[in-house]
Structure formats: C-alpha cells, structure tokens
Amino acid sequence: MNRLGLGRTVARITLPLTLTLLPACQTTAPPPPPAVSGLPSGPERPFRSGRGWVVTVQKPDGTKPFCKAMRTPGGPSEGGLTMTFRTAAEESGFVLTGTSQPITPGDRYELTASFDQGAKVTLTGRGLPDGGLYVTVPSKSYLDELDPFARNRRVAFRSATLGELGGMALTGTSWAINASDECRILNAEG
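Residues 106 to 295 in my numbering are what the sequence shown spells out, letter by letter.
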C-alpha cells in the first residue's frame, strides 16, 4: 500500500471515530444561567408622608442608601396595579406590581403608559422575581421622565408582549415623585 492510500485509510477511520467520541468527552452540562436578582432592600426609616404616600430611606447592607415612596396602607387602591417609586444616586424609577399578566424574571418588556389626558410614554421594564416590573430612568432626569405621572389623573399600562397590564389612579403621585427625589438628594447622593 502506498503512502497516499494509507493516509486516506487512516483519515477514513479516525475522522468518524473522532466525531463519534467527541460528544462523550463533553461530560459536564453547561452552567445554569445566573439567578435573576430582585431589588435590594434593607432597614428603613421614615422620611416624609403625605397625600396618601409614605417616603422612606432604606440602607441595604454593603450598598448605598435609596429612597422609596409607596402608598400608605389603607390608602386609595383599586385592587389592581400598584406603583412604588425608587430613587438612588445613579438610577431611579418605579416598580409596578399586581399586573394582570405573568412576568418572567429577568426578561425585558416594552411598555406603553397611556394617560387620561391623551399623552403616551414608552418605557422599558425588567421582570423581577416577585412578579413585578422595574422601570428605570437616570436619576438626573427622574423628574422630567416621570412628569406625565405627576400631571395626569389615571394611567393604563400595556405591553406588546403581555397585552393589557392594568390601570391605576395617580392620586398624590406628584407629591410622591417630588418627595422621593428630595429624599434622594438629601440621603442617597453622598
């Protein structure tokens, strides 16, 4: 047998053998995707309350403080969506809970907020492990970005992926947005 013939024979035998045995060498499963983390929380202290809202300062262990504005217990609620404003040094926004659709943690959702006076705002929310959606805005533009929530009486949220998420009254949100931003400036900017 000449060298060329021997080389072809070896190639015909080793290539299929290699392709057959290669998957057997891969004994470990790929690592699971990282767990989706929720938003940090920690001990809180009151900052201010009014107009059906309470603002607190929270200081989670090992992280910078942030402020949170949420409706006071027993305050106006329609049993559907709830909105909690969060302000921190770099990133602020709000958390929507009580949506009428299941939320996948870690997924991003395009949202449209439609207001009673005709304005519409497009936002992006990230699914949280507790089923909420976290919508973020840069802290420097917090007041401007959330102005429609302060100026209108009602809002309805819709997602192209999820459909109708629900609506809510915006009673007192102007106060809550401004108070949470003031709290951020005084407590979270340091």
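Glycine included, each C-beta is placed from N, C-alpha and C at the ideal position.
message: Is the separation between the beta-carbon of I282 and that of L238 shorter than 8 Å?
response: no
- request: Determine the extent of the alpha helix (DSSP H) in which P253 is found, giving its start and end residues.
  value: 252 to 256
Nearest-angstrom Cβ-Cβ length linking E215 and T202, presumed shorter than 8 Å: Not confirmed; about 19 Å, so no contact.
- request: Grab me the residues of E269's own chain with a C-beta within less than 6 Å of its C-beta, minus the 5 sequence neighbours each way, in chain order.
  value: R263
- request: Would you identify the three-state DSSP class for R153, choosing helix, strand or coil?
  value: strand
message: Less than 6 Å between C-beta atoms, sequence neighbours within five positions excluded: which residues of the same chain meet that for L267?
response: Q206
task: Run the CB neighbour count on S197, radius 10 Å, all protein chains shown included, and call it buried at 16 or more, exposed below.
output: Under a 10 Å Cβ-count criterion, S197 is classified as buried, with 16 or more other Cβ atoms of the shown protein chains found around its own Cβ.
task: Please determine, among D166, R256, G143, R156, the residue with the shortest C-alpha to C-alpha distance to P178.
output: R156
query: Leaving out five residues before and five after Y284 in sequence, what residues of the same chain have Cβ atoms less than 8 Å from its Cβ?
result: Note that residue 284 corresponds to Ala in the displayed sequence, not to Tyr. Excluding residues within five positions, the ones whose Cβ falls inside 8 Å are F152, R153, G155, W158, V160, A174.
field: Simplified DSSP assignment, three categories, for A261
entry: strand
query: Which value, in whole angstroms, describes the spacing of the CA atoms of G272 and D252?
result: 17 Å
- prompt: Which residue's Cα is closest to the Cα of Q163: S244, T192, G185?
  reply: T192
field: Residue from R258, E149, M188, G223 whose Cα sits closest to the Cα of V240
entry: M188
- prompt: Between E195 and E294, what straight-line distance do the alpha-carbon atoms span, to the nearest angstrom?
  reply: 9 Å
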